[in-house]
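**Student:** Can you read through this structure? Questions will come right after.
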Amino acid sequence: MATRPSPAAAQGPAARAQGRPVPAPAPAPAWDDQPQPLAVESAPVPQYGSGSLADLLPTLAAGMGVPEMTAAIPELTPVDRACVFLIDGLGWEQLKAHPEDAPFLTSLLAGSRGGTGRPLTAGYPATTATSLASVGTGLPPGAHGLPGYTVRDPATGELMNQLRWQPYTDPGTWQPYPTVFQLAQRAGVHAAQVSSPAFESTPLTRVALSGGTFLGRLTGEERMDVAAEQLAAADRALVYTYYSELDGAGHRYGIDSDTWRGQLMHVDRLAQRLAEQLPPRSALYVTADHGMIDIPFDEQHRYDFDEDWELRAGVALLGGEGRARHVYAVPGAESDVLTCWREVLGEQFWVASRDEAVAAGWFGPRIDERVYARIGDVVAAARDDVLLIASEREPKESSMVGNHGSMTPAEQLVPLLEVRS
Numbered sequence: 173m174a175t176r177p178s179p180a181a182a183q184g185p186a187a188r189a190q191g192r193p194v195p196a197p198a199p200a201p202a203w204d205d206q207p208q209p210l211a212v213e214s215a216p217v218p219q220y221g222s223g224s225l226a227d228l229l230p231t232l233a234a235g236m237g238v239p240e241m242t243a244a245i246p247e248l249t250p251v252d253r254a255c256v257f258l259i260d261g262l263g264w265e266q267l268k269a270h271p272e273d274a275p276f277l278t279s280l281l282a283g284s285r286g287g288t289g290r291p292l293t294a295g296y297p298a299t300t301a302t303s304l305a306s307v308g309t310g311l312p313p314g315a316h317g318l319p320g321y322t323v324r325d326p327a328t329g330e331l332m333n334q335l336r337w338q339p340y341t342d343p344g345t346w347q348p349y350p351t352v353f354q355l356a357q358r359a360g361v362h363a364a365q366v367s368s369p370a371f372e373s374t375p376l377t378r379v380a381l382s383g384g385t386f387l388g389r390l391t392g393e394e395r396m397d398v399a400a401e402q403l404a405a406a407d408r409a410l411v412y413t414y415y416s417e418l419d420g421a422g423h424r425y426g427i428d429s430d431t432w433r434g435q436l437m438h439v440d441r442l443a444q445r446l447a448e449q450l451p452p453r454s455a456l457y458v459t460a461d462h463g464m465i466d467i468p469f470d471e472q473h474r475y476d477f478d479e480d481w482e483l484r485a486g487v488a489l490l491g492g493e494g495r496a497r498h499v500y501a502v503p504g505a506e507s508d509v510l511t512c513w514r515e516v517l518g519e520q521f522w523v524a525s526r527d528e529a530v531a532a533g534w535f536g537p538r539i540d541e542r543v544y545a546r547i548g549d550v551v552a553a554a555r556d557d558v559l560l561i562a563s564e565r566e567p568k569e570s571s572m573v574g575n576h577g578s579m580t581p582a583e584q585l586v587p588l589l590e591v592r593s
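If you're matching positions, the sequence shown starts at 173 in our numbering and goes up one per residue.
Dropping the structure here:
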């Protein structure tokens, strides 16, 4: 088991030395009269260490006296019993845009993030596997090692889907750090996760959310009721519960669809149901793993990698997802691939080399050595309302209406809504 870095130490030079040294950004090339590509340093880097999803559980656990935990979000007041309700796909901007569909959650917006009225940032990329690992381990992607939807496994040279865990690799080797729930349980805090029974034994649950008691419940209402019971089960309790169907509706129908709004109404009622059952000395925190953006189905908004010979040239593997790509070059072609991708996509995507993305802090303030080669030789993050699909390689993903992954506010910003008893 690897030694766990403290969130506080992860901010300074000493912590960076524990992982891979962060290289200096390469000088920008001259482009003469050509349109300038987006500068790597202009990307809005997540607030690692002070206001990201990775900082939430360590802050709550530190307030309960759990060793090795640091209260990285200073706005949050310690509480003996805390429940995190993570609603997959409930972005800050999407919630603010639909007050009539979520009156209860909307009533809590002004008090988000400890009364500041501000959101958290998800972390890069803003995608479920990465975000859940950040939540559960209390570490940024560069440390926990799930830096994308699909990434190359350096041991095999194959793409690995970190949400579905395909092809299978040993979870403990891929992500060796203990979760916050495990550390809390060791410190005598009652830890529990209440989610769909289907998630109980998945590798992603093991690496991101294991520790304490897992309680599988099919309906959202059952999960809310059981989460409240688990909060009351001990003087100190850390409980997590999860709802995924809002995200699914957004991917399939879009965030402007009646189906998505119906799901938002449902999760609003679920959150209120849980809030009304909080035992004494408790706090409920409603958050999300990412936001979402709808992308039109036309050539101006969707570029197809499988039909673009320029983008394919020199590329061995295409990883990530449509708005957050990891590009793995044929050995020796890294520089050419970077130049081509900047020329073709650089006005709408932040396109960086691996070292530039690492130096800019996209994946956090440090990169573990085992994680470094999982990151693409080229990393491309969408700024505009565009998508880089792969219609032949990724037919299902390429057909989605709602998408996420990049560093725009619509994808990055997530609420931290609070109810105290």
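Every residue, glycine too, gets a C-beta built ideally from N, C-alpha and C.
Along the chain, where does the beta strand (DSSP E) that runs through Trp522 open and close?
**Tutor:** First-last of the beta strand (DSSP E) with Trp522: Phe521 to Ser525.
**Student:** Going straight from the alpha carbon of Ser456 to that of Cys255, what length do you get?
**Tutor:** Reading the sequence as shown, one finds Leu at residue 456 and not Ser. Distance between the alpha carbons of Leu456 and Cys255: 5 Å.
**Student:** Just checking my contact of Glu583 with Ala305 at CB under 8 Å: how many whole Å lie between their CB atoms?
**Tutor:** 17 Å between Cβ atoms; not a contact.
**Student:** Below 8 Å between beta carbons: does that hold for Trp513 and Val499?
**Tutor:** Yes, these two residues count as a Cβ contact at 8 Å.
**Student:** Assign Phe469 to one of three DSSP states: helix, strand, or coil.
**Tutor:** It is coil, neither helix nor strand.
**Student:** Using the Cα positions of Trp534 and Gly317, report the straight-line distance between them to the nearest angstrom.
**Tutor:** Roughly 13 Å separates the two Cα atoms.
**Student:** Going along the chain, which residues of its own chain have a beta-carbon closer than 8 Å to the beta-carbon of Arg565, five neighbours each way excluded?
**Tutor:** Same-chain partners within the cutoff: Phe477, Asp478 and Leu490.
**Student:** Using only CA atoms, which one of Val398, Val323 and Met572 lies nearest to Pro339?
**Tutor:** Taking only the C-alpha atoms, the option nearest Pro339 is Val323.
**Student:** For Thr351, tell me which candidate among Leu229, Asp428, His423 and Asp325 has the shortest Cα-Cα distance.
**Tutor:** Among Leu229, Asp428, His423 and Asp325, the Cα nearest to that of Thr351 belongs to Leu229.
**Student:** Near Ala274, which residues of its chain fall below 8 Å by C-beta distance, leaving aside the five closest residues on each side in sequence?
**Tutor:** So the list reads Leu267, Leu436, Met437, Val439 and Asp440, once near-sequence residues are dropped.
**Student:** Would you say the stretch 388-399 touches the stretch 274-292, given that touching needs at least three Cβ pairs under 8 Å?
**Tutor:** The answer is no - the stretch 274-292 does not touch the stretch 388-399, with fewer than three Cβ pairs under 8 Å.
**Student:** Rounded to a whole number of angstroms, what is the C-alpha to C-alpha distance between Val487 and Leu446?
**Tutor:** Computed Cα separation, rounded: 49 Å.
**Student:** For Ala524, which residues in the same chain have their Cβ closer than 6 Å to its Cβ, ignoring the five residues on either side in sequence?
**Tutor:** These residues qualify, in order along the chain: Val212 and Val551.
**Student:** Give the C-beta separation of Asp260 and Asp466 to the nearest angstrom, bearing in mind that I take them to be a contact with Cβ-Cβ under 8 Å.
**Tutor:** The pair is not a contact, with the Cβ atoms about 17 Å apart (cut-off 8 Å).
**Student:** CB-CB under 6 Å to Gln334, same chain, minus the five flanking residues each way: which ones, in chain order?
**Tutor:** Same-chain partners within the cutoff: Ala301 and Leu318.
**Student:** Can you give the Cα-Cα distance for Ser279 and Phe386, rounded to whole angstroms?
**Tutor:** Each residue's alpha carbon lies about 31 Å from the other.
**Student:** According to the Cβ coordinates, are Ala294 and His462 closer than 8 Å?
**Tutor:** Against a cut-off of 8 Å, the Cβ pair of His462 and Ala294 comes out as a contact.
**Student:** Between which residues of its own chain and Ser593 is the CB-CB distance below 8 Å, once the five residues before and five after are set aside?
**Tutor:** So the list reads Leu450, Pro451, Pro452, Arg453, Ser454 and Ala455, once near-sequence residues are dropped.
**Student:** Would you call the stretch 394-409 in contact with the stretch 342-350, where contact means no fewer than 3 C-beta pairs closer than 8 Å?
**Tutor:** These segments do not touch.
**Student:** How many whole angstroms separate the CB atoms of Ala404 and Thr413, which I take to be in contact at a CB cut-off of 8 Å?
**Tutor:** Wrong, their Cβ atoms sit about 14 Å apart, outside the cutoff.
**Student:** Please identify the residue among Pro537, Thr459 and Asp549 whose C-alpha is closest to the C-alpha of Tyr296.
**Tutor:** For the residues Pro537, Thr459 and Asp549, the minimum Cα distance to Tyr296 belongs to Pro537.
**Student:** By how many angstroms is the C-alpha of Ala363 removed from the C-alpha of Pro375?
**Tutor:** Pro375 and Ala363: Cα-Cα distance of roughly 19 Å.
**Student:** Measure the C-alpha to C-alpha separation of Pro239 and Ala327 and round it to an integer number of angstroms.
**Tutor:** Cα-Cα distance, rounded: 34 Å.
**Student:** Among all the DSSP beta bridges, which residues are the ones paired with Gly388?
**Tutor:** Gly388 pairs with Ser367.
**Student:** So if DSSP puts Gln338 in a beta bridge, which residue, or which two residues, is it bridged to?
**Tutor:** Paired residue(s): Asn333.
**Student:** Would you identify the three-state DSSP class for Tyr220, choosing helix, strand or coil?
**Tutor:** Correct three-state label for Tyr220: coil.
**Student:** Can you check DSSP and say which residues form a bridge with Phe257?
**Tutor:** Answer is Thr413 and Val458.
**Student:** Quick test of your reading: Pro587 and Trp264, contact by CB under 8 Å. State the CB separation rounded to the nearest angstrom.
**Tutor:** At roughly 5 Å, the Cβ-Cβ gap stays under 8 Å, so Pro587 and Trp264 are in contact.
**Student:** DSSP on Val238, reduced to helix/strand/coil?
**Tutor:** Three-state result, Val238: coil.
**Student:** Going by DSSP in three states, Asp397 sits in which element: helix, strand or coil?
**Tutor:** Looking at Asp397 - three-state DSSP - the assignment turns out to be helix.
**Student:** For Ala532, I'd like the list of residues in its chain whose CB is within less than 8 Å of its CB, leaving aside the five on either flank, ordered along the chain.
**Tutor:** For Ala532, where only same-chain residues beyond five positions count, the Cβ hits under 8 Å are Pro197, Val212, Glu213, Ala215, Val217 and Ala524.
**Student:** Near Gly314, which residues of its chain fall below 8 Å by C-beta distance, leaving aside the five closest residues on each side in sequence?
**Tutor:** Taken in chain order, the residues that qualify are Gly191, Val530, Phe535, Gly536, Pro537, Arg538, Ile539, Asp540 and Val543.
**Student:** In the DSSP output, what is Val323 paired with across the bridge?
**Tutor:** The partner list for Val323 (beta bridge, DSSP) reads Met332.
**Student:** Quick one: what's Val573 bridged to in DSSP?
**Tutor:** In the DSSP output, where bridge partners are listed per residue, Val573 has none listed.
**Student:** Report buried or exposed for Phe469, applying the criterion of at least 16 other Cβ atoms within 10 angstroms of its Cβ.
**Tutor:** So Phe469 counts as exposed.
**Student:** Can you list, in chain order, the residues of its chain whose CB lies under 7 Å from that of Glu417, leaving out five sequence neighbours each side?
**Tutor:** These residues qualify, in order along the chain: Gln435.
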